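In the working numbering, the protein residues as written are 8 to 76.
We put the beta carbon where it would ideally sit given N, CA and C, even for glycine.
Predicted model, so just to flag it, every value in this text is computed and none were measured.
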Amino acid sequence: MNGSSGRRPYAVFTIVEGEGEKALWRRVGSGFVNRDGSYNLYLDALPVNGRLHMRESDQLPLSHSERQS
């Protein structure tokens, strides 16, 4: 149904730059690879800056608390 062809989903983020702060990654949806190599994106929110970043689920950025350790 999701067109994932047995592969793990991608995570879709928007990256918000703060003044004097590190970038904040906000997950806004998921992506799946179709059999023909195209992608389907399912978004829960639309980024105000119009930019999306997609990563494989096993390449997710560290959370803020993990970066400080």
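Length of the line joining the Cα atoms of residue i and residue j
| i | j | result |
| --- | --- | --- |
| Gly44 | Lys29 | 34 Å |
| Arg62 | Gly25 | 21 Å |
| Gly38 | Thr21 | 13 Å |
| Arg6 | Ala52 | This structure leaves residue 6 out entirely; the chain is present only between 8 and 76. |
| Ala18 | Ser64 | 6 Å |
| Asn56 | Arg42 | 30 Å |
Buried versus exposed call for residue i [16 or more other C-beta atoms within 10 Å across all chains shown]
| i | result |
| --- | --- |
| Gly10 | Confidence at Gly10 is low in this model, with a pLDDT of 47, below 50, so its placement is unreliable and no value can be given for it. |
| Gly36 | buried |
Coil, strand or helix - residue i by DSSP
| i | result |
| --- | --- |
| Ser37 | strand |
Expected contact under 8 Å - CB spacing of residue i and residue j to nearest Å
| i | j | result |
| --- | --- | --- |
| Arg34 | Val23 | 12 Å between Cβ atoms; not a contact. |
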